[in-house]
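S.K.: So the sequence shown is numbered by numbering that gives the first Met the number 0: it starts at 0 and just counts up by one.
Heads up, the beta-carbon is just placed ideally off N, CA and C, and yes, glycines get one too.
Sharing a structure, written as structure tokens. Questions coming.
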Amino acid sequence: MASNKHLLLLILLIITITTSSTSLAEDQGKLVFKIIDAMISGGSFEDWSPAFLSTNDEIHGQVLTSTLFLPKTPVEGINATSPLVAAYHIVPQLLHFYNISLMETSSRIPTLLSGNSIVVTNNSASGFTLDGVLVSEPDLFVSPYIVIHRIAYPFNFSRYGGDDI
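Here it is as structure tokens:
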């Protein structure tokens with residue numbers, strides 16, 4: 000009799016954990032879309048940082064632990080209002096510049112753009128680049144959940160983003 004009760008409790012526990020983790024994944028997915036929508040609604044790269052911070056705020060709701068690479072200047076042909084471009088500039092993990100600077104050249108950093116990753120193209124202290132773009136202001140903003148690095152111009156995921164370089 001006792002073993003049946005334990006079995007029933009175990010089954011209920013498994014169902015609860017499965018439901019909770021599915022719900023958490025769905026909540027994270029909704030948060031990702033909310034962040035990207037806010038970022039691209041402004042129409043320029045300058046609008047990305049405030050939109051990213053306001054929708055990814057640990058005080059007012061759920062947080063996506065992440066790193067944003069914020070372009071300083073636009074580049075012809077890379078649109079700040081593209082959800083694909085925005086997703087490629089967000090890494091779903093906390094990466095301080097110190098952590099990135101220890102990565103070997105050709106290391107890949109997965110982004111929110113499915114199947115795409117940023118490539119470490121130069122890991123020297125004098126000209127650290129990702130996807131060939133200079134990281135001009137590392138650790139521009141740092142919190143327990145979010146890091147923002149300023150980059151010279153936007154990444155081009157069609158050049159480096161796939162699995163092969």
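Please report how far the alpha carbon of V97 lies from the alpha carbon of T72, in whole angstroms.
M.R.: Before going further, note that residue 97 is Tyr rather than Val in the sequence given. Cα-Cα distance, rounded: 24 angstroms.
S.K.: For T120, which of helix, strand or coil comes out of DSSP?
M.R.: In this structure, T120 counts as strand in the three-state DSSP scheme.
S.K.: Fully enclosed by the stretch 50-136, which beta strand (DSSP E) runs are 3 residues long or longer?
M.R.: Runs found: 65-70, 107-109 and 116-121.
S.K.: Could you tell me the distance, in whole angstroms, from the CA atom of S157 to the CA atom of T120?
M.R.: Approximately 15 angstroms, taken between the alpha carbons.
S.K.: Can you say whether L101 is buried or exposed, counting buried as having 16 or more other CB atoms within 10 angstroms of its CB?
M.R.: Burial call: exposed.
S.K.: Following the continuous alpha helix (DSSP H) through S157, name the residue where it begins and the one where it ends.
M.R.: Here the alpha helix (DSSP H) through S157 covers F156 to Y159.
S.K.: Using a Cβ-Cβ cut-off of 6 angstroms (strictly less than) and excluding sequence neighbours within five positions of T104, which residues of its own chain qualify?
M.R.: Correct list, in chain order: V119 and N122.
S.K.: Using the C-alpha atoms, what's the distance from P153 back to L94?
M.R.: Taking the straight line from one Cα to the other gives about 18 angstroms.
S.K.: Using a 10 Å radius around the Cβ and a threshold of 16 neighbouring Cβ atoms, would you call S113 buried or exposed?
M.R.: It counts as exposed.
S.K.: Hey, would you say I117 sits closer than 8 angstroms to L129, going by beta carbons?
M.R.: The answer is yes: Cβ separation under 8 angstroms.
S.K.: Helix, strand or coil for A151? Go by DSSP, reduced to three states.
M.R.: Coil.
S.K.: Rounded to the nearest angstrom, how far is the Cβ of A50 from that of S40, given a contact under 8 angstroms?
M.R.: Indeed they touch by this definition, with Cβ atoms about 7 angstroms apart.
S.K.: With a cut-off of 8 angstroms on the beta carbons, I'd call I145 and N78 a contact; round off their distance for me.
M.R.: So it is not a contact: roughly 24 angstroms between Cβ atoms.
S.K.: Whole angstroms is fine: what's the gap from G161's alpha carbon to A85's?
M.R.: Distance between the alpha carbons of G161 and A85: 16 angstroms.
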